[in-house]
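Residue numbers (the UniProt record's numbering), protein chains in the order written: chain E, 1 to 133; chain Y, 1 to 226. We put the CB at the ideal spot given by N, CA and C, even for glycine.
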């Protein structure tokens with residue numbers, strides 16, 4: 001297995017990537033100069049703070065996957081918050097990416113057995129389904 | 001919460017390796033998204049998102065806009081504002097911006113600041129090249145309201161009526177439109193207590209930190225703008 005695939009298999013890759021992309025997309029839709037933002041104060045700053053934190057959460061999911069629960073919960077709350085603070089969540093696109101990414105990261109578990117189709121003979125061979133979660 | 005499914009999965013799948021090796025290299029053990037686990041977060045998140053949208057569409061929640069760099073159009077059949085100021089300004093694009101064209105990266109704009117405004121039949125569109133992103137609100141009886149609205153426009157048209165207007169002030173001395181309504185020293189400006197504009201049409205380069213309440217919000221893609 002190539003090195004990149006092995007790296008990818010050990011972390012919620014798509015979850016982190018989508019969350020980071022969502023944050024970036026929202027920032028792109030509101031690239032005002034920082035001078036204006038500082039002038040307007042806290043209210044304006046929140047619009048940049050939330051997507052920036054989304055971006056950071058997404059990257060942290062990729063580079064520190066053991067803490068994925070905390071990052072994904074923060075990520076989903078931040079994503080929802082951008083609806084109010086940042087151009088309706090980057091005109092909905094960034095919000096969608098962020099929520100989907102956070103859910104994927106939240107639902108990810110390490111070291112799972114391969115997916116396979118449920119067929120009657122395999123079911124009968126493994127008496128209880130191993131995953132109850 | 002994280003540890004218990006981990007443990008059950010590893011113990012429950014102990015007789016697996018023999019099977020997986022026979023079915024080929026694609027079936028290696030690796031991290032995966034468990035659907036039910038993801039749903040634990042997805043369901044409340046979707047509900048919350050839907051709640052936010054409904055509250056926004058009812059006008060109960062205000063949303064903030066900060067757009068810049070690409071020109072967009074705002075129209076409204078009527079605008080009523082309290083605390084109005086207007087002055088000239090120069091918007092600087094980011095260096096080497098693709099939108100620069102022959103302008104040298106600078107756009108001469110009219111900055112309008114309104115402390116609190118209500119708009120009837122607001123329509124806002126951004127040209128994304130080929131398609132327009134269209135946001136409409138306030139089509140019904142409830143009006144759109146905005147506070148601390150600051151827009152940098154290149155074009156502004158409509159039928160305007162002002163009350164107690166002062167024309168020719170220095171832009172740094174303005175006081176009627178709040179903190180966003182002050183310009184640089186030595187620039188021509190005007191301010192008024194109230195403003196009423198019918199058939200408003202603006203081409204804007206930036207809207208900053210305006211809190212909009214958007215009853216009857218609709219967001220969609222469309223062939224033509226406002």
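Asked	Found
I'd like the list of long-range same chain contacts for residue 21 (chain Y), defined as Cβ closer than 7 Å, with 5 residues on each side in sequence excluded.	Residue placement at residue 21 (chain Y) cannot be trusted, given a pLDDT of 39 that sits under 50; what the coordinates show is reported in the next sentence. Once the five neighbours on either side are set aside, residue 21 (chain Y) has no close Cβ partner at all.
Any beta carbon from chain E within less than 8 Å of residue 28 (chain Y)'s own beta carbon?	yes
Look at the Cβ atom of residue 81 (chain E), then the Cβ atom of residue 50 (chain E), and state whether they are nearer than 8 Å.	yes
Given that residue 201 (chain Y) touches chain E, what residues does it touch there, using C-beta distances under 9 Å?	The contacting residues do not exist; residue 201 (chain Y) stays about 21 Å from chain E at best.
Which of the residues in the stretch 29-46 of chain Y, read from start to end, lie with their CB under 8 Å from any CB of chain E?	29, 30, 31, 32, 33, 34, 35, 36, 37, 38, 39, 40, 41, 42, 45 and 46
Can you pull the chain E residues whose beta carbon is under 8 Å from the beta carbon of residue 52 (chain Y), in chain order?	80, 83 and 84
Let me know if residue 13 (chain E) comes out buried or exposed under the rule of 16 or more other beta-carbons within 10 Å of its beta-carbon.	buried
Please confirm if residue 87 (chain E) has its CB atom under 8 Å from at least one CB of chain Y.	yes
Going by DSSP, name the residue or residues bridged to residue 32 (chain Y).	E:109
Mind checking if residue 230 (chain Y) is an interface residue toward chain E, Cβ cutoff 8 Å exclusive?	Residue 230 (chain Y) lies beyond the range of chain Y shown here (1 to 226); nothing can be said about it.
With 8 Å set as the bound, which would you pick, yes or no: does the beta-carbon of residue 67 (chain Y) sit closer than that to a beta-carbon of chain E?	yes
Verify the CB distance criterion: does residue 74 (chain E) have a CB-CB separation below 8 Å to chain Y?	no
With DSSP run on the structure shown, which of helix, strand or coil describes residue 226 (chain Y)?	coil
If you follow the beta strand (DSSP E) that residue 162 (chain Y) is in, where does it begin and where does it stop?	144-163
Quick check on residue 108 (chain E) - is its C-beta less than 8 Å from some C-beta in chain Y?	yes
Taking all protein chains shown into account, decide if residue 28 (chain E) is buried (16 or more other Cβ within 10 angstroms of its Cβ) or exposed.	exposed
Kindly indicate which three-state DSSP category residue 201 (chain Y) falls into: helix, strand or coil?	strand
Find the residues of chain Y that neighbour residue 103 (chain E), judging by a C-beta separation of less than 7 Å, and give them in chain order.	38, 41, 42 and 45
Given a threshold of 16 other Cβ atoms within 10 Å of its Cβ, counted over all protein chains shown, does residue 176 (chain Y) qualify as buried or as exposed?	buried
Is residue 110 (chain E) buried or exposed, if buried means 16 or more other CB atoms sit within 10 Å of its CB?	buried
Residues of chain Y with CB closer than 8 Å to the CB of residue 92 (chain E), please, in chain order.	219
DSSP on residue 58 (chain Y), reduced to helix/strand/coil?	coil
Please confirm if residue 144 (chain Y) has its CB atom under 8 Å from at least one CB of chain E.	no
Going by DSSP, what residues sit across from residue 166 (chain Y) in a beta bridge?	Y:191
On the three-state DSSP scale, how would you describe residue 177 (chain Y)?	coil
Answer yes or no: do residue 72 (chain Y) and residue 169 (chain Y) have a C-beta to C-beta separation smaller than 8 Å?	no
Does residue 5 (chain E) pass the burial test, meaning 16 or more other C-beta atoms within 10 Å, or should it be called exposed?	exposed
Compute the Euclidean distance between the alpha carbons of residue 25 (chain Y) and residue 31 (chain Y), then round it to the nearest angstrom.	Only weak support exists for where residue 25 (chain Y) lies, its pLDDT of 45 falling under 50; the coordinates are left without a value.
The alpha helix (DSSP H) spanning residue 171 (chain Y) covers which residue range?	Element bounds for residue 171 (chain Y): n/a, residue is neither H nor E.
Does residue 184 (chain Y) come out as helix, strand or coil in the three-state DSSP assignment?	coil
Who are the near neighbours of residue 75 (chain E) in its chain, counting only those whose CB is closer than 8 Å to its CB and skipping five residues on each side?	19, 54, 57, 58, 61, 98, 101, 102 and 105
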